[in-house]
Amino acid sequence: MLALGVLVVVIILLAGLLRSDMLFMDKSNPEAFDGLPQRYTYLEAGKDQVKLHMMSVKPEDVRLRADKTPLRQIAAFGINGGFFYGEDLLSIAIMNDQPVNGAQRAYGSGWFNAKYARGTLVWDGVTGAFSVQVVSSAEELTVTDRSRYFAQGGISMNLQHEALWEAAVKAEQLPYADEQRMRSGLVYDKTGKVWLIVTPSLCTAAEFRTAVLEAVPGEGREGIFLDGDGSSQMNAAERVLEGDSRPVVQMIAVAGK
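The working numbering applies: residue 1 is where the sequence shown begins, and numbers increase by one.
Below, the structure written as structure tokens:
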């Protein structure tokens with residue numbers, strides 16, 4: 001009986017040591033983005049089985065970049081960006097007239113929305129105004145100063161135009177719109193905030209759009225669908241969403257310095 005009691009004590013002690021080792025291991029493997037300034041506000045919202053994870057950012061702090069790795073490996077807060085194939089970017093992704101994945105007018109660089117004119121969220125750094133412009137190429141974008149803007153391609157959400165959005169999604173060829181997939185989006189409001197949004201919930205495009213309308217605060221909201229499913233990834237201090245851990249070509253990041 002005494003031996004059994006001693007054995008129980010030993011097992012408890014070993015379990016405690018193992019747990020301590022696991023906690024230590026967790027602390028010894030920090031995230032790539034640990035310690036960066038948090039220039040965003042984090043919010044979780046949603047209902048009806050669609051949970052949204054959102055980061056509210058000033059447009060001046062948005063950085064579009066191409067790293068071609070899973071987001072969790074990148075030393076930056078943010079979410080996945082546009083559509084891609086292999087290492088070619090199929091959506092516009094431009095900072096101050098420079099595509100993030102190559103040279104101007106080069107295929108796969110982020111200069112074009114490949115194959116289709118698609119909704120592209122644009123921030124004009126001179127006027128401070130946002131817009132969603134349906135274009136095929138960066139040359140078609142309307143901005144005040146081509147050295148002071150960013151443009152992120154995707155698919156128009158038409159949050160202000162309930163009667164138009166489904167036709168626009170079909171015309172712009174949103175992949176798997178009616179299937180249950182993870183989703184990502186980029187939305188602005190009239191106060192000048194931009195919202196980086198990811199849901200790990202499996203949902204249709206319509207369900208995701210409805211959740212965005214219900215959860216994103218403010219008025220004058222408009223935005224775009226981004227690449228989704230396994231590409232739907234987020235780096236935040238509050239929550240890391242890995243999608244299926246695939247490498248993504250492009251990221252919508254928050255300034256880290």
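C-beta atoms are modelled at their ideal positions from N, C-alpha and C, and glycine is treated no differently. Quantities reported herein were computed from a predicted structural model and do not represent experimental measurements.
Given a threshold of 16 other Cβ atoms within 10 Å of its Cβ, counted over all protein chains shown, does residue 194 qualify as buried or as exposed?
Taking the first residue of the sequence shown as position 1, residue 194 is located at position 194. Result: buried.
Flag residue 69 as yes if its beta-carbon sits less than 9 Å from any beta-carbon of chain D, otherwise no.
Although the question refers to chain D, the structure presented lacks it and comprises just one protein chain.
Express the C-alpha separation of residue 35 and residue 181 in angstroms, rounding to a whole number.
On the sequence shown, residue 181 is found 181 positions in, with the first residue counted as 1. On the sequence shown, residue 35 is found 35 positions in, with the first residue counted as 1. Looking at the two C-alpha atoms, the distance is approximately 32 Å.
Quick one: complete beta strand (DSSP E) runs, 3+ long, within the stretch 107-150?
118-124, 130-135
Determine contact between the stretch 109-116 and the stretch 45-62, defined as no fewer than three beta-carbon pairs at a distance below 8 Å.
no
Exposure label - residue 244; buried when at least 16 CB within 10 Å:
Mapped onto the sequence shown, residue 244 falls at position 244. Answer is exposed; the Cβ neighbour count stays below 16.
Only counting runs of 3 or more residues, tell me where the beta strand (DSSP E) segments fall wholly within the stretch 58-110, in order along the chain.
62-69, 78-80, 93-95
Whole-angstrom distance between residue 160 and residue 46, CA atom to CA atom
Start at 1 with the first residue of the sequence shown, and residue 46 comes out as number 46. Start at 1 with the first residue of the sequence shown, and residue 160 comes out as number 160. Taking the straight line joining both Cα atoms gives about 19 Å.
Restricting to Cα atoms, I'd like to know which of 115, 147, 145, 29 is closest to residue 134.
In the sequence shown, the residue the question calls residue 134 occupies position 134. Here the closest residue by C-alpha is 115.
Let me make sure I understand the geometry here. Which of 218, 103, 76 has the alpha-carbon closest to that of residue 33?
On the sequence shown, residue 33 is found 33 positions in, with the first residue counted as 1. When only C-alpha atoms are compared, the closest one is 76.
I need the DSSP call for residue 210, collapsed to helix, strand or coil.
Position 210 of the sequence shown holds residue 210. It is helical.
Mind checking residue 126: buried by the 16 CB within 10 Å criterion, or exposed?
Residue 126 sits at position 126 when you count from the first residue of the sequence shown. Residue 126 is exposed by the Cβ-count criterion.
Taking one C-beta from the stretch 236-255 and one from the stretch 166-175 each time, how about it: are there three or more such pairs within less than 8 Å?
no
Output the distance between the C-alpha atoms of residue 130 and residue 86, rounded to the nearest integer angstrom.
Reading the sequence shown from its first residue, position 130 is the one you call residue 130. Reading the sequence shown from its first residue, position 86 is the one you call residue 86. Roughly 30 Å separates the two Cα atoms.
Using only alpha-carbon positions, find the residue among 185, 150, 104 that is nearest to residue 231.
Walking along the sequence shown from the start, residue 231 turns up at place 231. Taking only the C-alpha atoms, the option nearest residue 231 is 185.
Output the residue ranges of the beta strand (DSSP E) runs that lie fully inside the stretch 152-225 and measure 3 residues or longer, sorted by chain position.
181-188, 194-203, 222-225
Using DSSP bridges, identify the partner residues of residue 253.
To locate residue 253, count along the sequence shown from 1; it is residue 253. Paired residues: 63, 78.
Can you tell me the Cβ-Cβ gap for residue 121 and residue 224, rounded? I've got them flagged as a contact below 8 Å.
As a first step, residue 121 must be located in the sequence shown, where it is residue number 121. As a first step, residue 224 must be located in the sequence shown, where it is residue number 224. About 5 Å separates the two Cβ atoms, so the contact holds.
DSSP-derived helix/strand/coil call for residue 231
For this step, residue 231 is matched to residue 231 along the sequence shown. Of the three classes helix, strand and coil, the one that applies to residue 231 here is helix, per DSSP.
Using 9 Å as the threshold, is the C-beta distance between residue 74 and residue 253 below it?
If you number the sequence shown from 1, residue 74 lands on position 74. If you number the sequence shown from 1, residue 253 lands on position 253. Yes, Cβ-Cβ distance for residue 74 and residue 253 is below 9 Å.
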